[in-house]
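Encoded as structure tokens, the structure appears first; notes follow it.
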Amino acid sequence: MRAGIARTAVVDGKRVTEIKTLMLVLVVHQALYALGWVVAGLRFDIARAIAMHWMGFGLAGAVAVGLFLGTLGLSEEAAIYLRIAGVVLAAGLLRRGTALFLQLPTRDVEQISSFALCMGLALYFGAGTDGLFGRTIAVSAAIGWVLLRLSFEELPAIAREFGRTTAVIIALPAAFIGTTFAVRAVVVLLMGEGSTGVHIMDSTRFNTAIIVALVVMSALFNFSLVYLVVMRMVNRLRYLSQRDVLTGLLNRRSLDELLTKEMHRFRRTQRPLSLLLVDIDHFKRINDSYGHTTGDLALVRTAQILSRTARAADTVARIGGEEFCVVLPDTSEEGALIAADRVRATFESEPLGIEAHDFTITVSVGAACFHPTDTSPASVFERADVALYRAKSEGRNRVSFSGVGPLRQRGKSA
Numbered sequence: 460m461r462a463g464i465a466r467t468a469v470v471d472g473k474r475v476t477e478i479k480t481l482m483l484v485l486v487v488h489q490a491l492y493a494l495g496w497v498v499a500g501l502r503f504d505i506a507r508a509i510a511m512h513w514m515g516f517g518l519a520g521a522v523a524v525g526l527f528l529g530t531l532g533l534s535e536e537a538a539i540y541l542r543i544a545g546v547v548l549a550a551g552l553l554r555r556g557t558a559l560f561l562q563l564p565t566r567d568v569e570q571i572s573s574f575a576l577c578m579g580l581a582l583y584f585g586a587g588t589d590g591l592f593g594r595t596i597a598v599s600a601a602i603g604w605v606l607l608r609l610s611f612e613e614l615p616a617i618a619r620e621f622g623r624t625t626a627v628i629i630a631l632p633a634a635f636i637g638t639t640f641a642v643r644a645v646v647v648l649l650m651g652e653g654s655t656g657v658h659i660m661d662s663t664r665f666n667t668a669i670i671v672a673l674v675v676m677s678a679l680f681n682f683s684l685v686y687l688v689v690m691r692m693v694n695r696l697r698y699l700s701q702r703d704v705l706t707g708l709l710n711r712r713s714l715d716e717l718l719t720k721e722m723h724r725f726r727r728t729q730r731p732l733s734l735l736l737v738d739i740d741h742f743k744r745i746n747d748s749y750g751h752t753t754g755d756l757a758l759v760r761t762a763q764i765l766s767r768t769a770r771a772a773d774t775v776a777r778i779g780g781e782e783f784c785v786v787l788p789d790t791s792e793e794g795a796l797i798a799a800d801r802v803r804a805t806f807e808s809e810p811l812g813i814e815a816h817d818f819t820i821t822v823s824v825g826a827a828c829f830h831p832t833d834t835s836p837a838s839v840f841e842r843a844d845v846a847l848y849r850a851k852s853e854g855r856n857r858v859s860f861s862g863v864g865p866l867r868q869r870g871k872s873a
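Just so we're on the same page, the numbering used here is the position in the sequence shown counted from 1, plus 459.
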């Protein structure tokens with residue numbers, strides 16, 4: 460009998476040591492994560508408000524968990540309330556920072572209300588041993604609610620930006636920890652007041668498992684956040700490498716890559732493929748008369764009008780200066796001429812809508828179709844350029860088509 464009691468004491472002692480060790484590891488982890496987000500906010504391309512929220516998540520978590528290991532000179536009552544405030548605040552900062560990162564509503568009223576409700580219940584139950592049962596349920600339910608809400612809110616937002624598989628993987632840590640705390644609230648409620656295991660430091664397998672899960676999932680939390688930040692930076696760099704900075708349209712390099720792919724598709728399927736070269740008439744006059752700022756605005760509005768008049772399958776690119784290109788899949792010579800004249804007529808009849816300098820511009824358009832004898836997109840580009848030069852030399856505000864035969868034109872003199 461005595462041997463059994465002694466063995467239980469040894470096992471419990473070992474488990475208490477394990478729990479304290481795991482708590483210490485968790486404190487160190489959270490402190491390091493907090494430091495990492497401070498550095499990220501100061502040195503890397505991440506909004507400081509977001510980095511500070513995630514830093515607060517790590518710091519509040521470290522302080523709260525640390526207070527389980529010692530009161531740091533505080534009274535036991537103050538340490539208990541500070542622990543509760545710390546863990547709930549950490550969850551709330553994580554949720555709010557992630558919402559800011561994903562440009563989601565921050566739900567401040569809900570966040571403040573859940574924090575106030577949890578603290579109110581903690582004060583109601585009191586800091587004594589007899590209030591432990593109620594405090595444990597309130598805190599576990601509050602953390603479970605915040606983290607489960609976070610996982611459901613972030614899932615569609617991450618899916619839209621990074622893909623569904625990534626979204627599921629990233630949302631798992633929050634969902635797992637949220638579920639763990641929600642289950643703990645239910646388990647404690649079913650165990651009843653005064654049962655062993657209600658306090659997180661009680662030497663039970665369930666509590667040990669919870670703390671192990673917290674250590675692992677806190678690491679996954681932060682690694683997933685780092686992954687999202689890095690992927691957003693990579694996507695931004697990829698976007699900038701493919702897009703014209705001023706208009707947001709594809710740049711010349713990306714257009715060349717697209718035309719190469721479209722030409723392979725054309726050779727494989729023999730479905731018609733055309734392109735338009737669009738040049739703003741007398742663009743230098745705009746810069747000379749109104750200044751380069753207005754000229755830039757005119758280029759932006761031109762890009763917007765071209766994108767609006769294009770079909771969903773079409774691609775619009777800026778290839779330099781005031782010259783643009785529109786790629787027209789499944790479009791024959793006649794269709795290219797119709798599309799080109801629609802573009803020309805739109806610019807002729809529609810003011811650009813630039814404040815203080817609301818004027819109308821005209822464009823000249825050169826059109827060409829891909830032909831089975833073409834060896835590269837450059838030959839089609841050359842024919843379209845010849846057609847564009849012809850449209851401009853014949854008076855501008857015109858459409859000219861260059862095929863393997865003679866040039867064809869539409870439009871009227873500017």
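Backbone N, C-alpha and C define an ideal beta-carbon position, used for all residues, glycine too.
Please classify residue i as buried or exposed, where buried requires at least 16 other C-beta atoms within 10 Å of its C-beta.
i: residue 747; result: exposed
i: residue 704; result: exposed
i: residue 864; result: The predicted model places residue 864 with a pLDDT of 48, which falls under 50 and marks its position as unreliable; any figure quoted below should be read in that light. Residue 864 comes out exposed.
i: residue 905; result: The question about residue 905 has no answer, for the chain in this structure spans 460 to 873.
i: residue 736; result: buried
i: residue 640; result: buried
i: residue 567; result: exposed
i: residue 716; result: exposed
i: residue 856; result: buried
i: residue 837; result: exposed
i: residue 554; result: buried
i: residue 632; result: buried
i: residue 773; result: buried
i: residue 476; result: exposed
i: residue 833; result: buried
i: residue 733; result: buried
i: residue 542; result: buried
i: residue 492; result: buried
i: residue 751; result: exposed
i: residue 535; result: exposed
i: residue 517; result: buried
Taking 6 Å as the limit between beta carbons, can you name the residues of its chain near residue i, skipping five residues before and five after?
i: residue 708; result: 762, 775, 776, 777
i: residue 509; result: 556, 559, 560
i: residue 499; result: 505, 510
i: residue 688; result: 505
i: residue 845; result: 861
i: residue 724; result: none
Identify whether residue i lies in helix, strand or coil by the three-state DSSP scheme.
i: residue 874; result: What the structure shows of the chain is the stretch from 460 to 873, and residue 874 is not part of that stretch, so it cannot be assessed.
i: residue 590; result: helix
i: residue 645; result: helix
i: residue 553; result: helix
i: residue 531; result: coil
i: residue 544; result: helix
i: residue 857; result: strand
i: residue 800; result: helix
i: residue 493; result: helix
i: residue 873; result: For residue 873, the predicted structure reports a pLDDT of 35, less than 50, and the residue's modelled location is therefore unreliable. The matter cannot be settled from this model.
i: residue 824; result: strand
i: residue 709; result: strand
i: residue 514; result: helix
i: residue 482; result: helix
i: residue 506; result: coil
i: residue 537; result: helix
i: residue 562; result: coil
i: residue 613; result: helix
i: residue 831; result: coil
i: residue 640; result: helix
i: residue 632; result: helix
To which residues of the same chain is residue i closer than 8 Å at the C-beta, ignoring the five residues directly before and after it?
i: residue 628; result: 683
i: residue 781; result: 738, 739, 742, 758, 761
i: residue 755; result: 705
i: residue 702; result: 708, 709, 710, 713
i: residue 789; result: 730, 731, 732, 772
Counting only beta-carbon atoms, is residue i nearer than 8 Å to chain B?
i: residue 817; result: Any reference to chain B falls outside this structure, which holds one protein chain only.
Using a Cβ-based criterion (distance less than 7 Å to any ligand heavy atom), does residue i qualify as near the ligand MN?
i: residue 588; result: In the structure on display, the ligand MN does not appear, and there are no ligands present to speak of.
Looking only at its own chain, which residues have a Cβ that is under 7 Å from the Cβ of residue i, when we skip the five neighbours before and after it?
i: residue 768; result: 801, 802, 805
i: residue 484; result: 674
i: residue 753; result: 745, 813, 816
Item to complete: Taking 8 Å as the threshold, find out whether the segment 778-791 comes into contact with the segment 808-815 through three or more Cβ pairs.
Response: no
Worksheet item: Does the segment 519-532 come within contact of the segment 547-563, defined as at least 3 CB pairs closer than 8 Å?
Response: yes
Worksheet item: At which residue ranges does the segment 666-704 contain complete alpha helix (DSSP H) runs of 4 or more residues, listed in the order of the chain?
Response: none
Discussion item. With three or more beta-carbon pairs closer than 8 Å as the criterion, would you say the segment 671-682 touches the segment 636-645?
Written reply: yes
Discussion item. My parser needs the beta strand (DSSP E) runs of 3 or more residues fully inside the segment 721-801; what are they?
Written reply: 732-739, 774-779, 782-788
Practice prompt. Evaluate the contact criterion for the segment 566-583 versus the segment 598-609: three or more CB pairs, one atom per stretch, below 8 Å.
Written response: yes
Item to complete: Please confirm if the segment 649-661 is in contact with the segment 585-598, defined as three or more CB-CB distances below 8 Å between the two stretches.
Response: yes
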